[in-house]
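*Asks:* Residue numbers (the working numbering): 1005 to 1149. Glycine included, C-beta positions come from ideal geometry on N, C-alpha and C.
Structure (structure tokens):
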């Protein structure tokens, strides 16, 4: 699997207009802040009182919104969920998928110390408002048509 640093991901977004940043964090995480130009399709949903639960519609929503030849950068909070999402998309035949190492926050050791800074800790550009076409609810409607 290909991997890029958050800084490399930003450079790709700036230099390759058709590249997509797929943020696979939960909806509340995405709404707090996310990388510029990110779209949100959670691989796990946060369920109050239950924690994180698999998004049963993940594959359908991805396939309804992204073609298999799309250049996709996949990020999450620390890089764990994005690795899983990259594996799933690669198995589905998406041929240009890269995991963003460290995700939005960064790679942490068991004590919570940052081993590799993520997007936000590197002070890369973030967005706190979403365009409609970046929000999961809007993206999910395309899978139901």
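#1: Going by CA-CA distance only, name the one from 1068, 1007, 1011, 1012 that's closest to residue 1140.
#2: Enumerate, from N- to C-terminal direction, the unbroken alpha helix (DSSP H) stretches of 4 or more residues contained entirely within the segment 1065 to 1141.
#3: Using 8 Å as the threshold, is the C-beta distance between residue 1059 and residue 1077 below it?
#4: Anyone know if the C-beta pair for residue 1097 and residue 1072 falls short of 8 Å?
#5: Give the single residue among 1041, 1040, 1064, 1033 whose Cα lies nearest to the Cα of residue 1051.
#6: From this set, 1126, 1070, 1063, which residue's C-alpha is nearest residue 1088's C-alpha?
#7: Compute the Euclidean distance between the alpha carbons of residue 1042 and residue 1025, then round it to the nearest angstrom.
#8: Helix, strand or coil for residue 1012 per DSSP?
*Replies:* The short version:
#1: With distances taken between CA atoms, residue 1140 lies nearest to 1068 out of 1068, 1007, 1011, 1012.
#2: For the segment 1065 to 1141, the full-length alpha helix (DSSP H) segments reaching 4 residues or more read 1084 to 1095 along the chain.
#3: Going by C-beta atoms, residue 1059 is not nearer than 8 Å to residue 1077.
#4: Taking 8 Å as the Cβ cut-off, residue 1097 and residue 1072 qualify as a contacting pair.
#5: Closest option to residue 1051, Cα to Cα, is 1033.
#6: Proximity to residue 1088 across 1126, 1070, 1063 peaks at 1063, based on C-alpha coordinates.
#7: Distance between the alpha carbons of residue 1042 and residue 1025 is about 5 Å.
#8: In the structure shown, residue 1012 adopts helical secondary structure according to DSSP, grouped into three states.
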